[in-house]
Amino acid sequence: MTLTAASIEAGYGLSRERLLQIEYHLRLTRSLEERIVSLFRQSKVIGGIYRSLGQEGESVACATALDFAQGDIVSPLIRNMGSLLVAGARPVEILRQYMAKGNSLSRGRELNIHIKDFARGFMGPVSPLGAMIPVMAGVTLAGRMQGKNMVGMVHIGDGGASTGAFAEGPNFATVMKLPLVIVLENNGYAYSTPTVKQTLATRLADRALGVGATGETVDGNDVLATYAAAKRAVDRARGGGGVTLLEVVTFRMKGHAEHDNQSYVPKELIEEWKQKDPVDRYERAILESGVATADDLASIQASVKHELDEAVDEAERSLAPIAEDAARGVYHGDGFWDEPR
Amino acid sequence: MSRDSARRDSETIDMSENLIPKAGGDTFYIDAIRQAMREEMLVDPRVFLIGEDVGAFGGAFKTSSGLIDEFGPGRVIDTPISEVAITGAACGAALMGMRPIAEMQFINFITVTFDMLSSFAATSRYRGNGGCPIVVRGPAGGGVRGGPFHSGNPEAYFFNIPGLKIVYPGTAYDAKGLLKAAIRDEDPVLFLEHKFLYRRVKEDLPADDFVVPIGKAKVRREGRDLTIITYGAMIYLAEEAAEELAKDGVSVEVLDMRSILPFDEETMLESVAKTNRAIVLYEAPLTGGVGAEFSARIAEKAFDWLDAPIKRVASLDTPTPYAPQLEDFHRPSKAKLIAAAKELLRY
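Protein sequence lines correspond, in order, to chains B and A. Just so it is clear: in the first sequence, position 140 is 140 by our numbering, and no numbers are missing. Just so it is clear: in the second sequence, position 49 is 49 by our numbering, and no numbers are missing.
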């Protein structure tokens with residue numbers, strides 16, 4: 001079937017404006033990560049870089065299905081920078097994190113995308129995997145107690161799904177009938193370990209069956225299909241239908257972090273997934289459907305470049321933290337977090 | 001002595017009913033805990049209780065008995081057997097502005113959720129994620145023939161985690177006052193309640209609202225010759241030993257730390273400066289216990305005041321055994337405490 005702007009609007013409920021916004025967030029995510037790599041090579045980024053190249057589609061698509069105006073909150077992991085940008089995190093805020101600046105949201109205490117702002121709808125994750133599922137269960141439990149109509153979305157990977165917290169969290173949230181969407185990114189590898197060494201389940205969404213949640217699998221590199229599946233899950237959660245485990249099938253096109261040359265991944269597999277790049281596919285879809293012209297895409301890329309030029313300048317001008325502040329802000333009462341950044 | 005002749009019948013352990021001062025009064029330690037939860041839930045709609053069997057059954061020890069009738073299942077929440085999810089959900093709710101109380105059915109099971117408390121709750125404020133004001137409470141302590149998994153004193157595992165607070169009350173008054181302080185605190189607090197004391201200590205409590213500030217020790221008995229620094233149920237053992245030593249003319253000061261993190265270094269050092277001898281008494285295993293830090297602090301900051309080395313009396317470095325003969329040998333006893341005191345006084 002040939003897609004048209006009208007058929008997309010009818011089928012997905014996405015207007016041209018929102019479709020272009022998705023394109024903007026996809027390009028912003030990919031380009032921001034490229035800037036971070038370049039800053040890393042200049043030794044201006046000092047911590048690890050965990051790329052989402054090739055899986056930006058699912059982060060952007062899933063977060064786009066949330067309604068941040070209703071108080072929805074997304075809890076990303078390291079390969080979900082796109083979710084943060086959709087929620088409204090500014091590129092300069094992410095750059096300051098990577099560059100360990102004193103005026104970063106964590107004031108130099110935390111790395112990369114570990115930042116939180118509930119007013120905008122994003123949660124800062126911790127590195128032990130699985131932990132954020134119970135925490136987001138609590139966020140949505142509190143939302144319900146407070147009479148809010150909010151939905152929580154929490155990301156986990158094929159590796160993270162092997163943890164104990166993944167056994168407890170989805171079960172707890174399902175039993176409590178909480179409005180939570182668990183996005184399980186099956187990207188083929190957890191560090192160097194292929195999914196077949198994490199689990200012999202062939203369809204990870206089946207893990208929903210064991211706890212009585214709804215499970216669904218979607219091609220995570222098909223942005224529109226992923227949006228539609230995420231929207232179904234979000235609507236189900238908001239409507240009282242409980243937890244969905246949404247498996248998004250995608251592929252990690254880079255190593256675990258920048259130091260990792262991915263030698264353990266068969267070259268043909270990388271080639272195969274290069275053909276399925278989510279950004280390329282999405283751009284083809286909006287061009288062929290007449291939603292956007294080549295000029296529209298060029299103009300979005302130009303504005304992303306301009307925005308990132310400014311963000312990098314602003315981040316580079318930011319100051320390092322004051323060493324002695326390392327001792328402050330552990331407990332309430334010393335005033336550290338009340339001071340302006 | 002043959003191993004056969006070393007076998008003994010069970011003896012009454014030192015920390016038994018007849019050793020605990022009958023303070024009289026009408027509120028048991030366990031009821032003080034329930035009162036604190038109930039009163040805070042009445043005045044603050046953000047407060048709720050979550051844990052295994054806390055609702056319909058009222059808790060394994062009946063600590064929350066009746067609360068579900070008063071506040072409903074929306075605020076007294078029964079959960080699956082999932083300590084990670086219980087504490088994790090408490091953390092998430094706290095970030096949303098709630099004041100959760102998470103119950104561990106036995107405090108030993110808190111180890112299941114060590115990551116949630118150490119990685120998430122304790123670091124939340126420091127990472128810029130905002131304060132995580134949760135209370136995690138549960139029955140701790142031995143002397144109840146609970147064996148390896150129902151007798152734990154886990155304070156030392158958490159003592160090395162900046163961002164947490166830890167309290168361990170020994171009286172009904174302190175249990176109520178510290179729990180209220182913990183619920184109102186802006187940071188995560190581990191509230192260790194000694195199960196041996198639940199229905200063994202009671203006292204009259206003020207009718208009006210009160211709190212016991214976190215971080216303040218209390219001198220339970222004034223003395224001149226020696227200070228026993230302790231907390232939790234061990235305060236009663238210290239007082240028994242002090243009584244006995246008094247018969248020999250030895251004047252023992254008993255200092256109840258009440259709060260372990262942060263701890264009241266000032267009162268501890270003042271007491272040592274006065275008595276010049278210190279025993280640190282704690283129920284957890286000796287090595288790496290909280291008492292090791294107390295001792296180090298005294299050595300660093302009050303060395304000039306000391307007339308003798310610092311002594312520690314604690315449990316053996318073994319898991320807690322089940323048989324009464326074994327558990328009594330494992331635990332601190334009045335005899336061990338008095339022997340340590342006499343050694344210091346002879347020094």
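Every residue, glycine too, gets a C-beta built ideally from N, C-alpha and C.
- For the 8 Å CB-CB criterion, A/Arg99 and A/Asp44 form a contact.
- Counted as a single uninterrupted DSSP element, the stretch harbouring B/Asp117 is not any alpha helix (DSSP H), since DSSP gives it neither H nor E.
- Residues of the segment 40 to 53 of chain A that bring their beta carbon within less than 8 Å of a beta carbon in chain B comprise Phe48, in sequence order.
- Between A/Asn153 and A/Gly138 a beta carbon distance of about 12 Å is seen, past the 8 Å cut, so the two are scored as non-contacting.
- Per DSSP, the continuous alpha helix (DSSP H) segment holding A/Ile86 begins and ends at Glu83 to Leu95.
- Membership of B/Glu307 in the alpha helix (DSSP H) is indicated by the continuous run Ala294 to Arg317.
- With respect to the 8 Å criterion, A/Val212 and A/Gly170 are not classified as neighbours on the basis of their beta carbons.
- Restricted to the segment 149 to 227 of chain A, the alpha helix (DSSP H) segments that are unbroken, complete and at least 4 residues in length are 155 to 159 and 172 to 184, listed in chain order.
- Relative to the Cα of A/Lys62, the nearest Cα in the group A/Gly143, A/Arg199 and A/Ala172 belongs to A/Arg199.
- Straight-line spacing of the CA atoms in A/Gly51 and A/Tyr173 works out to 24 Å.
- The Cβ atoms of A/Met268 and A/Thr230 lie no closer than 8 Å to each other.
- Taking 8 Å as the cut-off, the beta carbon of B/Pro128 is found no closer than this to the beta carbon of B/Leu245.
- At a cut-off of 8 Å between C-beta atoms, B/Ile49 does not count as an interface residue with respect to chain A.
- Inter-residue distance for A/Ile107 and B/Ile133 is about 23 Å (C-alpha atoms, whole angstroms).
- Per DSSP, the continuous alpha helix (DSSP H) segment holding A/Ala335 begins and ends at Lys334 to Arg346.
- Listed by position along chain B, the residues whose Cβ is nearer than 8 Å to that of A/Met96 are Phe118, Gly138, Val139, Ala142, Gly143 and Gln146.
- Around the beta carbon of B/Asp295, fewer than 16 other beta carbons sit within 10 angstroms, so the residue counts as exposed.
- DSSP places A/Ile107 in no alpha helix (DSSP H); its state is neither H nor E.
- Bridge pairing for A/Lys311: A/Ile279 [DSSP].
- With fewer than 16 other Cβ atoms from the protein chains shown falling within 10 Å of its own Cβ, A/Pro148 counts as exposed.
- Taken in chain order, the complete beta strand (DSSP E) segments of 3 residues or longer contained in the segment 158 to 195 of chain B are 180 to 186.
- B/Phe172 counts as buried, since at least 16 other C-beta atoms from the protein chains shown sit within 10 angstroms of its C-beta.
- B/Pro278 is positioned such that its CB atom lies no closer than 8 Å to that of B/Asn187.
- Straight-line spacing of the CA atoms in B/Arg317 and B/Met153 works out to 34 Å.
- In the DSSP assignment, B/Thr140 falls outside any beta strand (DSSP E) and lies within the alpha helix (DSSP H) extending over Met132 to Met145.
- In the same chain as B/Glu272, and ignoring 5 residues on each side of it, no C-beta atom comes closer than 6 Å to its own.
- The C-beta of B/Leu105 comes closer than 8 Å to at least one C-beta of chain A.
- Between the C-alpha atoms of B/Val211 and B/Glu168 there is a straight-line separation of about 10 Å.
- Apart from sequence neighbours up to five positions away, the residues of its chain that approach B/His256 with a beta-carbon distance below 6 Å are Tyr191, ordered along the chain.
- Contact between A/Val167 and A/Ile81 is ruled out by a C-beta separation of about 26 Å, above the 8 Å threshold.
- With a cut-off of 8 Å on Cβ pairs, the segment 205 to 223 of chain A is not in contact with the segment 70 to 79 of chain A, counting fewer than three such pairs.
- In the three-state reduction of the DSSP assignment, A/Leu255 falls in the strand class, which pools E and B.
- Partner residues in the beta bridge of B/Glu247, as assigned by DSSP, are B/Leu184 and B/Thr217.
- With a 10 Å radius around the Cβ and a threshold of 16 neighbouring Cβ atoms, B/Gln42 comes out exposed.
- In the three-state reduction of the DSSP assignment, B/Arg16 falls in the helix class.
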